[in-house]
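Mapping of the sequence shown onto numbering that gives the first Met the number 0: position 252 corresponds to residue 251, and the numbering continues sequentially without gaps.
Note that the Cβ used here is the ideal one computed from N, Cα and C, for glycine as well.
Scroll down for the structure; my scribbles are underneath it.
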Amino acid sequence: MMMYIIIGIACLVGIIVVVLLLPNSGKQQQKGQKYRFELSAGGGRKITFADPFDNFLVYGGANSGKTKSIGKPLLSQYIQAGFAGFVYNYKDFDLARTAVHLVKKHNYPYGCFQISFTDMERTHRTNPIRPSVVKNETLFLQLMDDMLTAYQGKDGKRDEWFNGALGILRGVSIRFYNDYPQFCTIPHIVNFICSAGTVRITSFLEGKHQSRVLAGAFLDAKDSPKTQSSYLSSLTNSLSTLANEKRCVMSFPEMISTLT
């Protein structure tokens, strides 16, 4: 009996050793070959990186040549391999110019866009809450919550008035999301809230069950105009700065006449 146990253990160990010694699958080898990156070293030598998904960490002092010797060569190879990603332009448009040049040079099949959070004259316009991009309603509503929280400031409190204001924002936003996707942008939503007034917003929120539920605190205070005005002013006070940012927002008379 003991002999059979010893033979069984030996066979099991043998199988494990064979499995460990087997070469990687063809798929893994193809992946490594497809994304093989190289960096030039001294004396004409090359440093090969078989798997760029392991990422790169570069240490070096100021003006030591990190961008020229490592950053730009890697960027070129990422573009040639068809990768997508973000290039942080920390060198005053130098990397942006390089990226555009490499995209054209290597016939990169996708778009290349410049995004600036400070200079509206030098940026592509994007819609971060576009329904075709944010396909989950829960995530969409969380984004609106995050936006209002950010505009509230660090000393703001999530009290009754904040929650009432958030309910209005969420209720209005979900109607834009579902019923008016062509107008579902932050500027459209913010300007509608800041210009429509209590009566118009109440009618808009009552148009769908979901928006009524989300803005319940505001709608339940219909018999108290003062309370409703307080909820709405809490919201518009937070969003008015964004609504009046003319570099980002324009007038939308067509939208206002379309919404019901």
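- Contiguous beta strand (DSSP E) elements confined to the stretch 165-230 do not occur, taking only those with 3 or more residues.
- The continuous alpha helix (DSSP H) containing LEU140 extends over residues 136-151.
- Annotated three-state conformation of SER39 is strand, per DSSP.
- Of all alpha-carbon atoms in ARG157, ALA98 and ILE185, the one lying nearest the alpha-carbon of LEU140 is that of ILE185.
- Beta-bridge annotation (DSSP): THR66 is not paired with any residue.
- Boundaries of the alpha helix (DSSP H) around THR97: 93-104.
- Exposed is the label assigned to GLY60, since fewer than 16 other Cβ atoms lie within 10 Å of its Cβ.
- Boundaries of the beta strand (DSSP E) around LYS45: 45-48.
- In the three-state reduction of the DSSP assignment, ASP53 falls in the helix class, which pools H, G and I.
- When only Cα atoms are considered, PHE191 and PHE116 end up about 23 Å apart.
- At least 8 Å separates the beta-carbon of SER210 from that of ARG157.
- For LYS71, the enclosing alpha helix (DSSP H) has its first and last residue at 71-79.
- With a cut-off of 8 Å on Cβ pairs, the stretch 202-217 is in contact with the stretch 159-169, counting three or more such pairs.
- Between ASP222 and VAL86, the alpha-carbon positions lie close to 54 Å from each other.
- Excluding the 5 residues flanking it on each side, THR97 has same chain C-beta neighbours closer than 7 Å at LYS71 and LEU74, in chain order.
- Shown here, ASN162 sits in a helix according to DSSP, grouped into three states.
- Proximity to LYS67 across VAL133, LEU38, THR47 and ILE46 peaks at LEU38, based on C-alpha coordinates.
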